[in-house]
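Protein chains in written order, with the working numbering: chain A, 111 to 429; chain B, 463 to 882.
By construction, the Cβ of each residue, glycine as well, lies at the ideal position given by its N, Cα and C atoms.
In this text the structure is predicted, and so the values were computed from the model without any measurement.
Structure record follows, encoded as structure tokens.
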């Protein structure tokens, strides 16, 4: 897709979404929509490091949890408004990404992935021992009344998450098509070869870690107002890490649209399954779909579409 | 064309009847529709052991419906699995309120899950009955919240106070406090220290251990050296098990007369069965035990029905800890509706604040934030437990109530003597 139509579509989605509270009265759809959009942001953030650079991050929930607790701290200490919480979470996520990257990017492959798991344990233990943030039992983060335009707190955080999702996807597309994306793809293909070609691999990986960390952390910031309560178990949940990995793999990791497709698909199915079939199915579904894609379509839905196009092209070219 | 007064009257009557029909039909239809009560139950995840709460709700629904329903309307439960995840709770409760249009709500199990739905309940002005959730309404002060569990007023600090009242009555001067490094345990331990000191007891040890610890030998040896007269233990099921086994292998100082207090685990049949007679002498909190002083109307019939359902569902066969309070949660709603003849949230809430409610866990009075006006957490001592047969715990005399005094069913036996 060319840049101008992409930006027009992004702007239309954003404007349409911001007007949604004026037309949709039932708050439940905003609750469910918030969760789906939250995963669009998380999966997009994860894909910048995991998809473009090929560094699999199992510690997504550490960055998400950091965003949640930065927001909770700002609410308790200063009563900061949501935009300030989001900006602060982004800065902290970026710094955390750089710090983690600097400590762990010298190791590669599965060793890097294991090291990122440690980050979750470290941060969760830290929060458990900070009484000011509620320790293990968490703390209440009751939001002030939302701006009247939105018609309610849920609609407000939904719109905030929509803005974040559009910003994250636009940023991911920009990175993918810029020299940063090309460098990251070179690293993914062969790090020594990329180094030999003059790609500053460590710096580029640090940039990817910083951007990825910032995007995942901003996805956590509105959670405090969404749930009205934060606790370490939810903020550093394994489910977030699992979904962050599964969604880009299902959608396809090579392009910005892959995580978006994966997140929309999987998060919607999960939301529907939670209130229809059974939540046990919910967990099972992620596992089965993930295994199926790894075995049958390792390039995700995007790979399947590309294969299909290629087959059709060949069939059409046949005399 | 002219129209006579009589024809005009007929026409007006017909039009009025035509206009009123949909409203009357809707009203009649609403009267015939069931009263819907919604909640989540943790059927999967870390709190899945609490899923027997569903049996409590279902038995209440079945009893009410068998008796003809409420105001001529049946009770219908709308239940979802929250996966023990607080993040799932807000959207599910929004669905219950906005899509399923339930009339009344039960909270999820416990404080962490409940905290995420309380602001929504207050915002929509909904009547909620709290399920074993501690201090969930202290800050919000929602006037339509009612607690089903007997933590009492100031429950966050005082729920285990009965243990210290017992210690004082036994003339104990030196107490040691041991707690897991989790919020529930640490809060209980901190409250215990405050109460001990206010009662003039010396706290000779205050140990916080990591929740992953499974070898308590060093802690027990350390406790022996301090010679406490009472040990207040705030633990979770795995630590409770390890500590009780450690007691049998290493023992405690001869000075110890009172042991237990805030151990989570010995309320469940699985731990009662596995620990068996090793539990003798321990004084621990509980919410219901089958002692003669707790024969509230309906409780025995409830437990008999529960036993059958629990076997089918393969859950805790005793069901003393959570299910009776879930049944009572239903009774809080049904008694309010019966007494007022209304399903109006404000009318029922007002009545509940002003009148006592008779339930299978006793008569309840609520204060202004919906907590019980009196703490009724039991401190019960394991006495005369033999072997590992879980059915013995259905008999009186195995978990003797020592506190509160009004429900006392036996005498305290010093720890070492009870284990001899």
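>> Within the continuous beta strand (DSSP E) that includes residue 502 of chain B, where are the two ends?
In response: In the second chain, residue 502 of chain B corresponds to position 40, counting from 1. Note, residue 502 of chain B: beta strand (DSSP E), 497-503.
> Going by beta carbon distance, what residues of the same chain come within less than 8 Å of residue 813 of chain B, once the five residues before and after it are set aside?
Replying inline: As a first step, residue 813 of chain B is located in the second chain; it is residue number 351 there, counting from the start. The answer, listed in chain order, is 798, 801, 802.
> Can you list the residues of chain A that residue 644 of chain B reaches, using a CB-CB cut of under 9 Å?
Replying inline: On the second chain, residue 644 of chain B is found 182 positions in, with the first residue counted as 1. Going along chain A in sequence order, the residues near residue 644 of chain B (Cβ under 9 Å) are 238, 245, 246, 247.
>> Quick check on the DSSP output: the alpha helix (DSSP H) that includes residue 155 of chain A runs from which residue to which?
In response: Indexing the first chain from 1 puts residue 155 of chain A at position 45. Looking at the DSSP string, the run of the alpha helix (DSSP H) that includes residue 155 of chain A is 137-157.
>> I need the straight-line Cα distance from residue 744 of chain B to residue 699 of chain B, nearest angstrom please.
In response: Locating residue 744 of chain B in the second chain gives position 282, counting from the first residue. Locating residue 699 of chain B in the second chain gives position 237, counting from the first residue. Distance between the alpha carbons of residue 744 of chain B and residue 699 of chain B is about 15 Å.
> residue 307 of chain A: buried (16+ other C-beta within 10 angstroms of its C-beta) or exposed?
Replying inline: To locate residue 307 of chain A, count along the first chain from 1; it is residue 197. By the 10 Å Cβ count, residue 307 of chain A comes out exposed.
>> Please identify, using Cβ separations under 7 Å, the residues of the segment 112-142 of chain A that lie next to chain B, in order along the chain.
In response: 136, 137, 138, 141, 142
> What does residue 145 of chain A touch in chain B if you count any residue whose Cβ is under 7 Å from its own?
Replying inline: Taking the first residue of the first chain as position 1, residue 145 of chain A is located at position 35. Within chain B, the residues near residue 145 of chain A are 553.
>> At the 9 Å Cβ level, is residue 835 of chain B part of the contact set with chain A, yes or no?
In response: Start at 1 with the first residue of the second chain, and residue 835 of chain B comes out as number 373. Cβ-Cβ to chain A under 9 Å: no for residue 835 of chain B.
> Apart from the five residues just before and just after residue 690 of chain B, which ones in its own chain have a Cβ nearer than 8 Å to its Cβ?
Replying inline: For the purposes of this step, residue 690 of chain B is taken as residue 228 along the second chain, with counting starting at 1. Closer than 8 Å at the Cβ level, and outside the excluded window around residue 690 of chain B, lie 636, 637, 638, 666, 667, 715, 717, 718.
> Going by alpha carbons, who is nearest to residue 863 of chain B out of B/500, B/805, B/625?
Replying inline: Locating residue 863 of chain B in the second chain gives position 401, where the first residue counts as 1. The shortest Cα separation from residue 863 of chain B among B/500, B/805, B/625 belongs to B/625.
> Using 9 Å as the limit for Cβ to Cβ distance, is residue 396 of chain A near chain B?
Replying inline: Position 286 of the first chain, counting from 1, holds the residue named residue 396 of chain A. For residue 396 of chain A, the closest Cβ of chain B is not nearer than 9 Å.
> To which residues of the same chain is residue 370 of chain A closer than 8 Å at the C-beta, ignoring the five residues directly before and after it?
Replying inline: For the purposes of this step, residue 370 of chain A is taken as the residue at position 260 of the first chain. Taken in chain order, the residues that qualify are 150, 153, 154, 279, 361.
>> Classify residue 793 of chain B: buried if its beta carbon has 16 or more other beta carbons within 10 angstroms, exposed otherwise.
In response: In the second chain, residue 793 of chain B corresponds to position 331, counting from 1. Buried, by the Cβ-count rule.
>> Quick check: the Cα distance between residue 729 of chain B and residue 783 of chain B, rounded to an integer number of angstroms?
In response: Residue mapping note: residue 729 of chain B aligns to position 267 of the second chain, counting from 1. Residue mapping note: residue 783 of chain B aligns to position 321 of the second chain, counting from 1. Their Cα atoms are separated by approximately 6 Å.
>> Which residues of the segment 573-595 of chain B have a Cβ closer than 8 Å to any Cβ of chain A? Give them in chain order.
In response: Those would be 573, 574, 577, 578, 580, 581, 582, 585, in chain order.
> How about residue 385 of chain A: is its C-beta nearer than 9 Å to some C-beta of chain B?
Replying inline: In the first chain, residue 385 of chain A corresponds to position 275, counting from 1. Using beta-carbon distances, residue 385 of chain A counts as an interface residue toward chain B, with a partner under 9 Å.
> Using the beta-carbon of each residue, which ones in chain B are nearer than 7 Å to residue 341 of chain A?
Replying inline: Residue mapping note: residue 341 of chain A aligns to position 231 of the first chain, counting from 1. 548, 574, listed in chain order.
>> For residue 681 of chain B, count the other beta carbons within 10 Å of its own beta carbon; 16 or more makes it buried, fewer makes it exposed. Which is it?
In response: As a position in the second chain, residue 681 of chain B is number 219, starting the count at 1. Buried: at least 16 other Cβ atoms inside 10 Å.
>> Would residue 252 of chain A pass as an interface residue toward chain B - the criterion being a Cβ-Cβ separation below 9 Å?
In response: Here residue 252 of chain A is taken as the residue at index 142 of the first chain, counted from 1. Taking Cβ atoms only, chain B reaches closer than 9 Å to residue 252 of chain A, which makes this a yes.
>> So residue 121 of chain A and residue 203 of chain A are supposed to be a Cβ contact under 8 Å. How far apart are they, rounded?
In response: Here residue 121 of chain A refers to the residue found at position 11 of the first chain. Here residue 203 of chain A refers to the residue found at position 93 of the first chain. Between residue 203 of chain A and residue 121 of chain A the Cβ distance is about 26 Å, and since that is not below 8 Å, they are no contact.
> Just curious, the alpha helix (DSSP H) that residue 351 of chain A is in, first and last residue?
Replying inline: What you label residue 351 of chain A is simply residue 241 of the first chain in a count that begins at 1. First-last of the alpha helix (DSSP H) with residue 351 of chain A: 348-361.
>> Going by C-alpha to C-alpha distance, which of B/509, B/517, B/878, B/556 sits closest to residue 139 of chain A?
In response: The residue you call residue 139 of chain A lines up with position 29 of the first chain. The candidate whose alpha carbon is nearest that of residue 139 of chain A is B/556.
> Beta-carbon of residue 602 of chain B versus every beta-carbon of chain A: anything under 9 Å?
Replying inline: To locate residue 602 of chain B, count along the second chain from 1; it is residue 140. Yes, its Cβ sits closer than 9 Å to a Cβ of chain A.
>> Quick check on residue 569 of chain B: does DSSP put it in helix, strand or coil?
In response: Indexing the second chain from 1 puts residue 569 of chain B at position 107. Three-state DSSP puts residue 569 of chain B in a strand.
> Between residue 586 of chain B and the rest of its own chain, which residues show a CB-CB distance below 8 Å, the 5 nearest in sequence each way excluded?
Replying inline: As a working mapping, residue 586 of chain B is identified with position 124 in the second chain. Here the set comprises 559.
>> Buried or exposed, going by whether 16 or more other CB atoms sit within 10 Å of the CB of residue 242 of chain A?
In response: One-based indexing of the first chain puts residue 242 of chain A at position 132. By the neighbour-count rule (16 or more Cβ atoms within 10 Å), residue 242 of chain A is not buried but exposed.
> Along the chain, where does the beta strand (DSSP E) that runs through residue 609 of chain B open and close?
Replying inline: Translated into the one-based positions of the second chain, residue 609 of chain B becomes position 147. 607-609 is the extent of the beta strand (DSSP E) around residue 609 of chain B.
> Cα-Cα, which of B/879, B/508, B/523, B/607 is closest to residue 789 of chain B?
Replying inline: For the purposes of this step, residue 789 of chain B is identified with residue 327 of the second chain, where counting begins at 1. Measuring from the Cα of residue 789 of chain B, the nearest candidate turns out to be B/523.
> Considering only the beta carbon of each residue, do residue 269 of chain A and residue 117 of chain A sit closer than 9 Å?
Replying inline: Along the first chain, read from residue 1 onward, the residue named residue 269 of chain A stands at position 159. Along the first chain, read from residue 1 onward, the residue named residue 117 of chain A stands at position 7. In this structure, residue 117 of chain A does not lie closer than 9 Å to residue 269 of chain A by Cβ.
> In chain B, what lies closer than 8 Å to residue 338 of chain A by C-beta?
Replying inline: The residue labelled residue 338 of chain A in the question sits at position 228 within the first chain. Correct list: 552, 577, 578, 580, 581, 582.
>> Taking 9 Å as the threshold (C-beta atoms), are residue 210 of chain A and residue 172 of chain A in contact?
In response: Here residue 172 of chain A is taken as the residue at index 62 of the first chain, counted from 1. Here residue 210 of chain A is taken as the residue at index 100 of the first chain, counted from 1. Yes; because the gap between Cβ atoms is below 9 Å, this pair is in contact.
> What do you get for residue 119 of chain A, buried or exposed, if any count of 16 or more other CB atoms within 10 angstroms of its CB means buried?
Replying inline: Position 9 of the first chain, counted from the start, is the residue given in the question as residue 119 of chain A. When all chains shown are included, residue 119 of chain A counts as exposed.
> Since residue 784 of chain B is in the alpha helix (DSSP H), which residue starts that stretch and which ends it?
Replying inline: As a first step, residue 784 of chain B must be located in the second chain, where it is residue number 322. From DSSP, residue 784 of chain B is part of no alpha helix (DSSP H); its letter is neither H nor E.
> How would you call residue 386 of chain A, buried or exposed, if buried means at least 16 neighbouring beta carbons within 10 angstroms?
Replying inline: Position 276 of the first chain holds residue 386 of chain A. Residue 386 of chain A is exposed by the Cβ-count criterion.
> Looking at the structure shown, is residue 365 of chain A part of a helix, part of a strand, or coil, going by DSSP?
Replying inline: The count along the first chain starts at 1 and reaches residue 365 of chain A at position 255. Reduced to three states, the DSSP call for residue 365 of chain A is coil.
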